[in-house]
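K.L.:
Here it is: the structure, laid out below.
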Amino acid sequence: MDLFLEAENITKTFGGVAAIFNLSFATRKGSVYSVIGPNGAGKTTLFNLLTGIYQPTSGNMRFEGKSLVGQPPHKISKLGISRTFQTPQIFLNMTVLENTLVGCHNHGSSGFFSGALSLPSSRKEAARLEEQAMENLVFCGLDHLANRESDALPYGELKRLEVARALSTKPKLLLMDEPAAGLNDSETGEMGELIRRIQKLGISVMLVEHNMALVMAVSDGLLVLNYGEYLAEGTPEQIQNNPKVIEAYLGMGDD
Amino acid sequence: MKRSVKALVAGFALLFSINAAQASDIKIGTFLAVTGPASFLGDPELKTLQMYVKKINDEGGVIGRKIKLIHYDTGANPKKAVNFAKRLIKKDRVDIIVGASTSGTTMAVIPIVQKAKIPFISMAGSVKIVEPVKKWVFKTPHTDKMAARKIFIDMNKRDIKKVGLISGSGGFGKSGRGQVLALASEYGITITADESYGKKDTDMTAQLSKIRATNPDAILNFGFGSGPAIVTKNIRQLGIKLPIYQSHGVASKKYINLAGSAAEGVRLPAASLLVASMLPSSHPQTEVIQAYKNNFEAKHGPVSTFGGHAYDALYLAVEAIKRAGSTNKARVRNEIENTKNFLGAGGIFNMSSSDHLGLGLNAFKMLEIKNGDWSIVE
Amino acid sequence: MKRYRGFFALASIITLAPILFPVNYFVTVVGVSIAINALIAVGLNLLMGYTGQISLGHAAFFGIGAYASGLLTTLLSWNPWLALLVGLLATWLVAELIARPILRLKGHYLAMATLGFGIIINILMVQPTHITGGPDGLSDIPVLNILGWDIDSDIRWYIVANGALLLGVWVALNLINSRIGLALRAVHGSEVGAQMMGVDIEKIKIKIFVVSALFAAFAGSLFAHQQGFISPDSFSFHFSIELVVMVVLGGMASKYGPIFGAAVLTMLPETLVVFEDYEVLILGAIMMGIMIFLPQGLWVGLSQKIKPLFIKKTISVEPAGG
Amino acid sequence: MSDVLLQSLITGVTIGSAYALVGLGFAIIFNVSDVVNFAQGEFVMVGAMSAVSLLAVGVPFAVALFLALVIAVCIGLILEKFAIEPAKSATVVSTIIITIGASIFLRGLALLIWGKDFHSLPAFSGETPIHIGSATLTPQSMWVMGVTAVLVFLVHQFFNRTITGKALLACSANPIAASLIGIPVKRMMLFAYGLSALLGGAAGLLIAPIAFTSYDAGMMLGLKGFAAAILGGLGNPMGAVAGGVVLGVLESLGAGLISSGYKDAIAFIILLLVLFFKPQGFFGKAGEERV
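Residue numbers (our numbering), protein chains in the order written: chain A, 96 to 350; chain B, 1479 to 1856; chain C, 14 to 335; chain D, 116 to 406.
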């Protein structure tokens, strides 16, 4: 099996309370891998650990053989991991296209000096990045809104904009934190469709999601967390029939 | 776009057309710190200028022309002073500038008045304004250098050899501190401690304890505003019985009110104006000073020496214009420089090409605070 | 070039004003002060408006530039241009050093730290009297000379100061529209978001802090030579606040707002000379009023209100709903 | 040297007590509303200046002090109602600017009402100092320290023992949850501003006989109070009190032992160092913020 994303015994505590405890898992390249679990299971904490927003208290994480521990988010982004957020972290002070352009940050090199003087190299690069950003907007069906201020967008489109922006970093792995939260049924359907198309581009996806229908429809593998600990792992069918999982969900009362 | 440009142009034109004044007036420009940290200077100064310009005009003006006073408030900000000086010179086209409450604002405009060749009489204290002499720049207040000398002479008389110095960190205190440090040895006096306090400081006992530890014969404080009053109170609270000297920076009743009983026995050099009612009638300045005091107090409450500086500056200018018979700037400047035996509120002025202040040490009286009021030591 | 349209309008106003009113005080004298203040405000806007990092100590950088020029040209008789360059380098160094720890702070902490920094620098201007001249300031700063041309009259200063302003605006415009500019605005929009897009937020904050400090220091050097005299009062906490007000009044993250803000705030004491005692009151009221009622600033707020009056026709051409 | 040290300590604790009260006000407001109220120092000024005016028109001393506090509280309530509440969705930068604006506005207003003169209040109980070695302690210093201690104790009890106090803290922990369980968040905000204005006003009354007061006396005290609150860890009321006393003592030791000219610089350098190396303050809770 190719080395892709691996976590080894990672633990993260906040003031003595473990949000993630001794968790290990590995994902395969090209797969859609979902993390599920009741509220407070530590799913978002896991994403924050993988993207360098938090550092693990102990344990190891590797991506394509390179350690993620101690890396700040922007370095992790350069390694090829991008993400979307549970509450969209859209730059509301910018247009849709500009948001997506920020996603192209890693693929430009013009700095303060060439930018300030608007050197030809910087202008050429800007044009190239804009093309790249537009492609991703087209891919997510947002191209007609390119010059709209993003704070005027409805919620569903903000969610898709986050995907477009994340895709602009040209990730190998895309972490999606509850992409369907707050979406209506048809929007959720579109999101599922989008996830499949992303997978077809050869980008692996890791998904945190509460909408089980969506999860079961798109996932190749699932990881179930409960109170920050490993509960089960397997294919959608295996998980659906796993008594521990059922108990955890029923015991908690789903949200 | 076109329309808005037109509107803009019209607006500008309107804004700039209002400055036509009657050519027959003598225009005296002034910029003072009427607000801000030095407002206790600028406020009485402006009131004095306004009061006397009105008086002069009521009495028929100067050389047959009325005086027009043009004033801007600097808030003691040198940046504003520079622009206002330019405004007075270029836009208002004044004949002479009488102004600047603080040394900072004065120093800031000196290059401008020198270049514009316009006579400028400052009301600020620092000796740097007239030393070295600048052709177009004069000033009326006693300098900190004079104050330091006056104080040292008094100390010599009382056989005080070691002095603990504390000064404010503002321009006045800093400049005074420099003079004290430079002149002390000339009078055989050692400065045992050199402490300071900030403008907004609320308690100086720490510095004063440090001064006490150096065993001085007296404590000298150079500063203005609330600082000196706090220093005075703190000295007495600490149980320090040493003689206290203050500078002319505290020469107002406010100081006695703030420091209360702690101010008893404090000595300071000050202009005769402060003790107008105690002056012997034989004193040459008595008449001038009494008149100014009465005029000011009739309208504005207790007189301060600062307003007196404005009175002197205004009348130095007016007298020079009278003698010159015109407002020709070069001639007026020459006449200011030729001022002899001018009886002002601050003293008797004798200017020369090497002295653009023209006051002698006798312009200062050494005062002591007794029973909550001034008394003359000499 | 669409992005430079406003720039050309600004350049035209700056060029036309002294031609139409060659001896007018408000143009040739106040115009210089406005240009210098606007230059600082444009730089501060890069930091505050676009990147969302407040600085309550920017007067310090203005002062470092001014004192570097003032001290080196008077005490050491350096060439003013060399002094200016050294002033910029010194500012770079100080800003870079201070930015590292300071910009790790956020919000109120950042405000307090920059404020404290400004006060410390101001004390350093006041205290060593034998070097800086203390509160009495530093006089006899020589005039600037450009290729044998002495900048010694108001109109010449008008040209130099406004030239510098236009240069500053041009640089700021380019920067905002560049890859770096997008990253800066992203930091303002969402720090985690920006980080995830590969923006090294710590580094970029430091860099923009330095750039904006350099704007202020450059203005400071010009100011020192233009005034011929500098004193600590010009670089106080109060001036830092005024700078913030200029940016806010014009509208944060608006391209030309800070210039408008600088113009209004510089003109205010000149036109309100009759209302001396009310000046402080008005300044305070402006700060509160703008932030409560027109948080996007007077410039943006007004232009949004006025725009519809002019471009009604074009609205029907563009699909309104998008 | 030891008497310099002792005197510096006495002075430091006295002025530090005033910083503590102002800092406590900062902390309370920050706790409830996440706003750092830069106008806090103006409460100090308003309290002292009002008392001066009231005494001047012949109001008895104790009544004047009481009315001055009432006036300060009113200013606090007005500030909250008309400047903070309308801008409740504002960003951190906006609220900083609003409160600085309010501070400048109040100063301007004070200038118009009271003029530019310095004023003093009579000491509460005479001026005969107590000598401790060669250091001195004035009765007013004891008033400052004593009343500060009592006020701090009361505020502490209030937060820990009363329903309203606990409710106030709940607002800060989670305003939405607080309003859900029926805590009137709006009224709590008003209450916080009133309370911190009261503390500021009290500081003004206590310190005015020592330091005098004028229309612009509030700014520096406000800044120092803010510094105190940060030293103690923003939002930690008792930390702010400790921060104030520490700041006062450090300043005064700096003036007494190092250099009086650089006294303020010392205070702010310490503040910066604390911000750089221990941004959560001396007494703030350490730990990662959860995103």
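Ideal Cβ positions, reconstructed from N, Cα and C, are used throughout, including at glycine.
Bear in mind that the values here come from a model prediction, so they are computed numbers and not experimental data.
Would you say S1782/B reaches chain D, if we count a Cβ-Cβ gap shorter than 8 Å as a contact?
P.N.:
No, S1782/B lies away from the interface with chain D (no Cβ there is under 8 Å from its Cβ).
K.L.:
What residue range is occupied by the uninterrupted alpha helix (DSSP H) comprising M1829/B?
P.N.:
It is not in any alpha helix (DSSP H) - M1829/B carries neither H nor E in the DSSP assignment.
K.L.:
With a 10 Å radius around its C-beta and 16 neighbouring C-beta atoms as the bar for buried, classify D1536/B as buried or exposed.
P.N.:
Exposed, since its Cβ has fewer than 16 Cβ neighbours within 10 Å.
K.L.:
Whose C-alpha, out of G1539/B, I1541/B, K1569/B, is nearest the C-alpha of I1421/B?
P.N.:
With chain B represented from 1479 up to 1856, any question about residue 1421/B goes unanswered, as that position is not in the structure.
K.L.:
Counting along the chain, where does the alpha helix (DSSP H) carrying N1735/B start and finish?
P.N.:
Looking at the DSSP string, the run of the alpha helix (DSSP H) that includes N1735/B is 1731-1737.
K.L.:
In three-state terms, what does DSSP make of D280/A?
P.N.:
In this structure, D280/A counts as helix in the three-state DSSP scheme.
K.L.:
Check whether the region 151-162 of chain A and the region 101-109 of chain A touch, using three or more Cβ-Cβ pairs below 8 Å as the test.
P.N.:
With a cut-off of 8 Å, the region 101-109 of chain A and the region 151-162 of chain A count as touching, because enough Cβ pairs lie within range.
K.L.:
Return the chain-ordered list of same chain residues with a C-beta closer than 8 Å to the C-beta of V1766/B, the five sequence neighbours on each side being excluded.
P.N.:
The answer, listed in chain order, is L1821, G1822, A1823.
K.L.:
The beta strand (DSSP E) that contains S177/A, what's its start and end?
P.N.:
Element bounds for S177/A: 176-179.
K.L.:
I'd like to know if M304/C contacts chain A, where contact means its C-beta is closer than 8 Å to some C-beta of that chain.
P.N.:
Output row for M304/C: interface = no.
K.L.:
Along chain B, which residues have their Cβ under 9 Å away from the Cβ of G150/C?
P.N.:
Chain B residues near G150/C: P1556, S1581, G1582, M1585, A1586, G1649.
K.L.:
The alpha helix (DSSP H) spanning F242/C covers which residue range?
P.N.:
Run containing F242/C: none; DSSP gives neither H nor E here.
K.L.:
If you reduce the DSSP assignment to three classes, tell me which class P1477/B lands in.
P.N.:
Residue 1477/B is absent from the model: chain B starts at 1479 and stops at 1856.
K.L.:
Taking the continuous beta strand (DSSP E) assigned at G1642/B, which residues delimit it?
P.N.:
Per DSSP, G1642/B belongs to the beta strand (DSSP E) from 1640-1646.
K.L.:
State buried or exposed for R1627/B, treating a residue as buried only when at least 16 other CB atoms are found within 10 Å of its CB.
P.N.:
Its Cβ being crowded by 16 or more others within 10 Å, R1627/B is buried.
K.L.:
So what does DSSP say about E328/A, is it helix, strand or coil?
P.N.:
Strand at E328/A.
K.L.:
Does any heavy atom of the ligand FAD sit closer than 7 Å to the C-beta of F153/D?
P.N.:
Absent from the structure shown: the ligand FAD. Ligands present: none.
K.L.:
Would you tell me roughly how many angstroms separate the C-alpha atoms of V1744/B and S1853/B, rounded to the nearest one?
P.N.:
Roughly 10 Å separates the two Cα atoms.
K.L.:
Which residues in chain D have a C-beta closer than 8 Å to the C-beta of E1664/B? List them in chain order.
P.N.:
The contacting residues do not exist; E1664/B stays about 25 Å from chain D at best.
K.L.:
For the region 1707-1725 of chain B against the region 1678-1691 of chain B, are there 3 or more C-beta pairs whose distance is under 8 Å?
P.N.:
The region 1707-1725 of chain B, when compared against the region 1678-1691 of chain B, does touch it at the 8 Å Cβ threshold.
K.L.:
Along chain A, which residues have their Cβ under 9 Å away from the Cβ of R198/C?
P.N.:
Here the neighbours are F186, N188, M189, E193, V197.
K.L.:
In three-state terms, what does DSSP make of H246/D?
P.N.:
Three-state DSSP puts H246/D in a strand.
K.L.:
Which residue marks the beginning of the beta strand (DSSP E) containing E359/A, and which one marks its end?
P.N.:
Because chain A is modelled from 96 through 350, residue 359/A falls outside the range shown and cannot be assessed.
K.L.:
Rounded to the nearest angstrom, what separates I115/A and A133/D at their Cα positions?
P.N.:
Computed Cα separation, rounded: 46 Å.
K.L.:
Counting only beta-carbon atoms, is K1678/B nearer than 8 Å to chain D?
P.N.:
Answer yes: the Cβ-Cβ gap between K1678/B and chain D drops below 8 Å somewhere.
K.L.:
Within 8 Å (strictly less), CB to CB, does M300/C reach chain A?
P.N.:
No - not a single Cβ of chain A is within 8 Å of the one on M300/C.
K.L.:
Looking at C-beta atoms only, is the number of pairs between the region 1781-1791 of chain B and the region 1505-1523 of chain B that lie closer than 8 Å three or more?
P.N.:
With the cut-off at 8 Å, the region 1781-1791 of chain B and the region 1505-1523 of chain B touch.
K.L.:
Candidates P338/A, E342/A, V300/A: which alpha carbon is nearest K124/A's?
P.N.:
For K124/A, the nearest C-alpha among the options comes from V300/A.
K.L.:
Pick out whichever of P338/A, I298/A, V340/A, G323/A has its Cα sitting closest to the Cα of S119/A.
P.N.:
Selected option, being the one with the closest Cα: G323/A.
K.L.:
Please report the Cβ distance between M189/A and S245/A, rounded to the nearest whole angstrom; I am assuming they are in contact, meaning their Cβ atoms lie under 8 Å.
P.N.:
Between S245/A and M189/A the Cβ distance is about 6 Å, and since that is below 8 Å, they are a contact.
K.L.:
Identify every residue that forms a DSSP beta bridge with K1848/B.
P.N.:
Beta-bridge pairing links K1848/B to D1851/B.
K.L.:
Is it buried or exposed, Q1763/B, if we count other Cβ atoms within 10 angstroms and call 16 or more buried?
P.N.:
The residue in question, Q1763/B, is buried, as its Cβ has 16 or more Cβ neighbours within 10 Å.
K.L.:
Determine whether the Cβ of G196/D lies closer than 8 Å to any Cβ atom of chain B.
P.N.:
Just to set this straight, residue 196/D is Lys in the shown sequence, not Gly. K196/D does not count as touching chain B.
K.L.:
Give a yes or no on whether 8 Å exceeds the smallest Cβ distance from A119/C to chain A.
P.N.:
Note that residue 119/C corresponds to Lys in the displayed sequence, not to Ala. Judged by the 8 Å Cβ criterion, K119/C is not in contact with chain A.
K.L.:
For V191/A, count neighbouring C-beta atoms within 10 Å of its own C-beta (all shown protein chains included) and say buried if the count is 16 or more, exposed if not.
P.N.:
That one is buried.
K.L.:
In whole angstroms, what is the alpha-carbon distance linking N152/D and I381/D?
P.N.:
Going by the C-alpha atoms only, they are around 24 Å apart.
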